[in-house]
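Working notes for the structure below.
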Amino acid sequence: MVDDHIKRKILLLGDGAVGKTSLIRRFVVDKFSDDYITTIGTKVTKKDLRLESPGKVTDLTFMIWDVLGQKGYKGIQESSFQGAKGALLIYDVTRQETSESLQDYWIPHLMSVTEAMPLVVVGNKVDLSDSRRNAQEALDDLKDVLGVPGFLSSAKTGLNVEVGFLALAKSIVSDLDAKLSARQAVEEAAHEFIVVADQIVMDFCDVMGGHEAAMPIVRQQLMKAGVDVRAPTREGLRLAVDYLAEAESSFRNAADVEASKKKRLGWIKAVA
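Going by our numbering, the letters in the sequence shown line up with residues 21 to 292, in that order.
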(Lines of atoms letter the chains of each structure in order from A and count residues from 1; the text may use other names and numbers.)
(Lines give C-alpha, C1' and ligand atoms only; values in the text may rest on other atoms or scores of the structure.)
Protein backbone atom coordinates (compact mmCIF):
# COMPACT_ATOMS: atom_id res chain seq x y z
CA MET A 1 0.00 0.00 0.00
CA VAL A 2 1.26 3.47 -0.93
CA ASP A 3 1.21 5.77 2.09
CA ASP A 4 2.06 8.98 0.32
CA HIS A 5 2.34 10.57 -3.12
CA ILE A 6 4.22 13.81 -3.46
CA LYS A 7 5.25 15.95 -6.39
CA ARG A 8 8.42 18.04 -6.21
CA LYS A 9 10.28 20.38 -8.52
CA ILE A 10 14.03 19.78 -8.62
CA LEU A 11 16.83 21.55 -10.48
CA LEU A 12 19.93 20.40 -12.34
CA LEU A 13 22.46 23.19 -12.02
CA GLY A 14 25.95 23.60 -13.42
CA ASP A 15 27.95 25.13 -16.24
CA GLY A 16 27.30 24.40 -19.88
CA ALA A 17 28.47 21.03 -21.24
CA VAL A 18 28.85 19.32 -17.85
CA GLY A 19 26.27 16.74 -18.93
CA LYS A 20 23.04 17.85 -17.21
CA THR A 21 20.80 17.00 -20.16
CA SER A 22 22.58 13.66 -20.68
CA LEU A 23 22.14 12.75 -17.00
CA ILE A 24 18.41 13.45 -17.21
CA ARG A 25 18.10 11.41 -20.40
CA ARG A 26 19.97 8.49 -18.85
CA PHE A 27 17.83 8.67 -15.71
CA VAL A 28 14.46 9.04 -17.42
CA VAL A 29 14.76 6.85 -20.54
CA ASP A 30 18.10 5.06 -19.91
CA LYS A 31 19.69 6.32 -23.13
CA PHE A 32 22.83 8.27 -23.98
CA SER A 33 24.01 10.26 -26.99
CA ASP A 34 27.38 11.89 -27.63
CA ASP A 35 25.63 14.72 -29.46
CA TYR A 36 25.87 17.94 -27.49
CA ILE A 37 22.72 20.07 -27.55
CA THR A 38 22.74 23.36 -25.68
CA THR A 39 19.75 23.73 -23.37
CA ILE A 40 17.90 26.90 -24.34
CA GLY A 41 16.21 28.44 -21.32
CA THR A 42 14.89 25.55 -19.30
CA LYS A 43 13.45 22.16 -20.13
CA VAL A 44 11.16 20.25 -17.78
CA THR A 45 11.05 16.44 -17.67
CA LYS A 46 8.82 14.28 -15.49
CA LYS A 47 9.92 11.11 -13.69
CA ASP A 48 7.97 8.94 -11.25
CA LEU A 49 9.82 7.16 -8.43
CA ARG A 50 8.84 4.80 -5.62
CA LEU A 51 10.74 4.96 -2.35
CA GLU A 52 10.34 2.10 0.10
CA SER A 53 11.37 2.23 3.75
CA PRO A 54 10.35 0.09 6.73
CA GLY A 55 6.60 0.45 7.14
CA LYS A 56 6.20 3.11 4.46
CA VAL A 57 6.00 3.44 0.69
CA THR A 58 6.18 6.85 -0.96
CA ASP A 59 5.45 7.60 -4.59
CA LEU A 60 7.33 10.67 -5.72
CA THR A 61 6.96 12.59 -8.97
CA PHE A 62 10.01 14.61 -9.91
CA MET A 63 9.55 17.60 -12.18
CA ILE A 64 13.17 17.91 -13.31
CA TRP A 65 14.19 21.38 -14.50
CA ASP A 66 17.23 21.35 -16.77
CA VAL A 67 18.49 24.92 -16.36
CA LEU A 68 20.51 26.79 -18.98
CA GLY A 69 24.17 26.53 -17.96
CA GLN A 70 25.52 29.59 -19.74
CA LYS A 71 26.45 32.25 -17.19
CA GLY A 72 24.88 35.67 -17.56
CA TYR A 73 21.26 34.56 -18.01
CA LYS A 74 20.50 35.59 -14.46
CA GLY A 75 16.82 36.36 -15.05
CA ILE A 76 16.07 33.01 -16.70
CA GLN A 77 18.08 31.07 -14.14
CA GLU A 78 16.74 32.73 -11.00
CA SER A 79 13.19 32.54 -12.34
CA SER A 80 13.75 28.80 -12.82
CA PHE A 81 14.75 28.42 -9.17
CA GLN A 82 11.34 29.53 -7.85
CA GLY A 83 9.46 26.75 -6.07
CA ALA A 84 12.29 24.20 -6.25
CA LYS A 85 12.56 21.69 -3.40
CA GLY A 86 15.99 20.23 -4.19
CA ALA A 87 18.89 20.41 -6.61
CA LEU A 88 21.59 18.28 -8.16
CA LEU A 89 24.78 20.31 -8.54
CA ILE A 90 26.65 18.99 -11.57
CA TYR A 91 30.27 19.49 -12.57
CA ASP A 92 32.61 17.87 -15.10
CA VAL A 93 35.45 16.00 -13.36
CA THR A 94 37.76 16.83 -16.29
CA ARG A 95 37.23 20.60 -15.90
CA GLN A 96 38.11 21.96 -12.46
CA GLU A 97 36.56 25.34 -13.23
CA THR A 98 33.11 23.73 -13.40
CA SER A 99 33.49 22.55 -9.81
CA GLU A 100 34.54 26.02 -8.69
CA SER A 101 31.50 27.48 -10.47
CA LEU A 102 29.19 25.55 -8.17
CA GLN A 103 30.57 27.45 -5.18
CA ASP A 104 31.16 30.78 -6.88
CA TYR A 105 28.11 31.10 -9.11
CA TRP A 106 25.37 28.49 -8.86
CA ILE A 107 24.92 28.04 -5.11
CA PRO A 108 24.99 31.78 -4.29
CA HIS A 109 22.44 32.52 -7.02
CA LEU A 110 20.24 29.64 -5.89
CA MET A 111 20.34 30.75 -2.27
CA SER A 112 19.50 34.33 -3.18
CA VAL A 113 16.12 33.06 -4.42
CA THR A 114 15.25 29.97 -2.34
CA GLU A 115 15.30 28.70 1.20
CA ALA A 116 17.83 26.04 2.21
CA MET A 117 17.00 22.80 0.42
CA PRO A 118 18.43 19.30 -0.03
CA LEU A 119 21.40 19.30 -2.39
CA VAL A 120 23.47 16.52 -3.93
CA VAL A 121 26.72 17.17 -5.81
CA VAL A 122 27.57 15.02 -8.82
CA GLY A 123 30.97 14.81 -10.51
CA ASN A 124 29.99 13.72 -14.00
CA LYS A 125 32.03 12.27 -16.91
CA VAL A 126 34.16 10.08 -14.62
CA ASP A 127 34.56 7.74 -17.60
CA LEU A 128 36.81 10.44 -19.11
CA SER A 129 38.90 11.00 -15.98
CA ASP A 130 42.64 10.26 -16.07
CA SER A 131 42.50 9.09 -12.46
CA ARG A 132 39.39 7.81 -10.74
CA ARG A 133 41.17 8.16 -7.40
CA ASN A 134 42.00 11.84 -7.97
CA ALA A 135 38.44 12.49 -9.10
CA GLN A 136 37.11 10.86 -5.91
CA GLU A 137 39.46 12.90 -3.71
CA ALA A 138 38.36 16.14 -5.40
CA LEU A 139 34.73 15.17 -4.89
CA ASP A 140 35.34 14.31 -1.24
CA ASP A 141 36.90 17.75 -0.70
CA LEU A 142 33.91 19.46 -2.31
CA LYS A 143 31.45 17.40 -0.26
CA ASP A 144 33.28 18.45 2.91
CA VAL A 145 33.19 22.13 1.95
CA LEU A 146 29.50 22.06 1.04
CA GLY A 147 28.39 19.58 3.68
CA VAL A 148 26.24 17.61 1.24
CA PRO A 149 26.28 14.07 -0.18
CA GLY A 150 27.91 13.48 -3.54
CA PHE A 151 28.73 10.90 -6.18
CA LEU A 152 30.93 10.39 -9.20
CA SER A 153 28.81 9.54 -12.22
CA SER A 154 28.85 8.87 -15.93
CA ALA A 155 25.84 9.58 -18.11
CA LYS A 156 27.59 7.54 -20.79
CA THR A 157 27.92 4.31 -18.78
CA GLY A 158 25.05 4.97 -16.39
CA LEU A 159 27.32 4.81 -13.32
CA ASN A 160 25.61 6.30 -10.25
CA VAL A 161 23.08 8.28 -12.29
CA GLU A 162 20.08 6.76 -10.55
CA VAL A 163 21.95 6.76 -7.23
CA GLY A 164 22.33 10.55 -7.34
CA PHE A 165 18.68 11.21 -8.13
CA LEU A 166 17.52 8.70 -5.49
CA ALA A 167 19.77 10.29 -2.85
CA LEU A 168 18.11 13.62 -3.55
CA ALA A 169 14.66 12.01 -3.48
CA LYS A 170 15.32 10.43 -0.08
CA SER A 171 16.57 13.74 1.33
CA ILE A 172 13.45 15.51 0.06
CA VAL A 173 11.11 12.86 1.48
CA SER A 174 13.00 12.94 4.79
CA ASP A 175 12.71 16.75 4.71
CA LEU A 176 16.43 17.15 5.21
CA ASP A 177 17.83 20.59 4.53
CA ALA A 178 21.32 21.39 3.39
CA LYS A 179 22.72 23.83 5.92
CA LEU A 180 24.62 26.07 3.57
CA SER A 181 25.22 29.62 4.61
CA ALA A 182 24.45 32.35 2.12
CA ARG A 183 27.46 33.51 0.18
CA GLN A 184 28.28 36.23 -2.29
CA ALA A 185 28.16 35.28 -5.94
CA VAL A 186 31.21 35.92 -8.07
CA GLU A 187 29.75 38.03 -10.84
CA GLU A 188 31.45 37.72 -14.20
CA ALA A 189 31.18 40.24 -17.00
CA ALA A 190 28.50 38.74 -19.23
CA HIS A 191 28.56 38.84 -23.02
CA GLU A 192 26.62 42.03 -23.83
CA PHE A 193 24.06 40.28 -26.00
CA ILE A 194 23.55 37.55 -23.37
CA VAL A 195 22.19 40.23 -21.05
CA VAL A 196 19.82 41.42 -23.78
CA ALA A 197 18.77 37.87 -24.67
CA ASP A 198 17.98 37.28 -21.00
CA GLN A 199 15.86 40.46 -20.93
CA ILE A 200 13.96 39.48 -24.06
CA VAL A 201 13.20 35.96 -22.85
CA MET A 202 12.08 37.12 -19.41
CA ASP A 203 9.85 39.79 -20.96
CA PHE A 204 8.27 37.17 -23.21
CA CYS A 205 7.72 34.88 -20.21
CA ASP A 206 6.01 37.71 -18.33
CA VAL A 207 3.48 38.41 -21.07
CA MET A 208 2.86 34.74 -21.85
CA GLY A 209 1.85 33.65 -18.38
CA GLY A 210 5.08 32.51 -16.78
CA HIS A 211 8.29 30.62 -17.26
CA GLU A 212 6.94 27.10 -17.62
CA ALA A 213 4.26 27.97 -20.17
CA ALA A 214 6.47 30.24 -22.27
CA MET A 215 9.78 28.40 -22.35
CA PRO A 216 8.82 25.71 -24.93
CA ILE A 217 7.87 28.56 -27.31
CA VAL A 218 11.12 30.39 -26.52
CA ARG A 219 13.20 27.31 -27.33
CA GLN A 220 11.39 26.79 -30.61
CA GLN A 221 11.69 30.39 -31.79
CA LEU A 222 15.32 30.89 -30.72
CA MET A 223 16.32 27.70 -32.51
CA LYS A 224 14.38 28.83 -35.58
CA ALA A 225 16.29 32.13 -35.47
CA GLY A 226 19.60 30.28 -35.15
CA VAL A 227 20.46 31.93 -31.83
CA ASP A 228 23.44 30.39 -30.01
CA VAL A 229 22.73 31.13 -26.35
CA ARG A 230 26.46 30.96 -25.60
CA ALA A 231 27.19 33.85 -27.97
CA PRO A 232 24.02 35.48 -29.33
CA THR A 233 24.40 38.02 -32.13
CA ARG A 234 22.52 41.22 -32.92
CA GLU A 235 21.10 39.71 -36.12
CA GLY A 236 20.03 36.48 -34.42
CA LEU A 237 18.25 38.33 -31.63
CA ARG A 238 16.45 40.62 -34.07
CA LEU A 239 15.18 37.58 -35.91
CA ALA A 240 14.20 35.95 -32.61
CA VAL A 241 12.21 39.06 -31.65
CA ASP A 242 10.31 38.80 -34.95
CA TYR A 243 9.54 35.12 -34.38
CA LEU A 244 8.49 35.67 -30.77
CA ALA A 245 6.15 38.44 -31.92
CA GLU A 246 4.62 36.04 -34.43
CA ALA A 247 4.05 33.53 -31.64
CA GLU A 248 2.50 36.21 -29.42
CA SER A 249 0.11 37.36 -32.14
CA SER A 250 -2.03 34.28 -31.54
CA PHE A 251 -2.60 35.29 -27.93
CA ARG A 252 -2.40 39.12 -27.74
CA ASN A 253 -3.82 42.06 -29.65
CA ALA A 254 -1.75 43.54 -32.44
CA ALA A 255 -0.99 46.83 -30.66
CA ASP A 256 0.42 45.08 -27.58
CA VAL A 257 2.47 42.69 -29.70
CA GLU A 258 3.94 45.59 -31.66
CA ALA A 259 4.73 47.51 -28.46
CA SER A 260 6.59 44.53 -27.01
CA LYS A 261 8.47 44.01 -30.25
CA LYS A 262 9.53 47.67 -30.40
CA LYS A 263 10.72 47.57 -26.77
CA ARG A 264 12.80 44.43 -27.33
CA LEU A 265 14.36 45.76 -30.52
CA GLY A 266 15.24 48.89 -28.55
CA TRP A 267 17.20 46.77 -26.05
CA ILE A 268 19.17 45.23 -28.92
CA LYS A 269 19.81 48.60 -30.54
CA ALA A 270 21.05 50.04 -27.22
CA VAL A 271 24.06 47.70 -27.26
CA ALA A 272 26.88 49.77 -28.76
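Using N, Cα and C, we set each Cβ at its ideal position, and we do this for glycine too. Please read all numbers here as calculations on a predicted model, not as lab measurements.
In this structure, 109 is the residue among 109, 154 and 212 with its C-alpha nearest to the C-alpha of residue 138. When the beta-carbon positions are compared, residue 147 and residue 118 stay at least 8 angstroms from each other. Listed as beta-bridge partners of residue 111 by DSSP are 143. Contact check for residue 61 and residue 88: beta-carbon distance about 6 angstroms, within the 8 angstroms limit, so the pair qualifies. Residue 238 sits in a helix when the DSSP states are folded into three classes. Taking the Cα positions, residue 164 is about 30 angstroms away from residue 95. For residue 251, the closest C-alpha among the options 212, 35, 28 and 84 is that of 212. Counting of Cβ neighbours within 10 angstroms places residue 226 among the exposed residues, the total staying below 16. With respect to the C-alpha of residue 132, the residue from 115, 101, 150 and 64 having the closest C-alpha is 101. For residue 185, there is no enclosing beta strand (DSSP E); the residue is part of the alpha helix (DSSP H) that begins and ends at 181 to 193.
One alpha carbon belongs to residue 84, the other to residue 189, and they sit about 12 angstroms apart. Between the region 111 to 127 and the region 242 to 256 there are fewer than three inter-stretch CB-CB distances shorter than 8 angstroms, so the stretches are not counted as touching.
As DSSP reads the structure, residue 84 sits in a beta bridge with 30 and 65.
Distance between residue 228 and residue 48, taken at the CA atoms: about 29 angstroms. In this structure, the CA atom of residue 185 is about 39 angstroms from the CA atom of residue 262. Closest by C-alpha distance to residue 285, out of 37, 217 and 179, is 217. DSSP, read as helix, strand or coil, puts residue 174 in coil.
Counting along the chain, no alpha helix (DSSP H) covers residue 123, and no H or E run does either. Residue 231 is classed as buried because its beta carbon has at least 16 other beta carbons within 10 Å across all chains shown. For residue 175, the closest alpha carbon among the candidates 113, 271, 76 and 64 is that of 113.
Between the alpha carbons of residue 233 and residue 71 lies a gap of roughly 30 angstroms. Considering only 283, 28 and 157, the residue with the shortest C-alpha distance to residue 69 is 28. By the Cβ neighbour-count rule, residue 76 is exposed, with fewer than 16 other Cβ atoms within 10 Å of its own.
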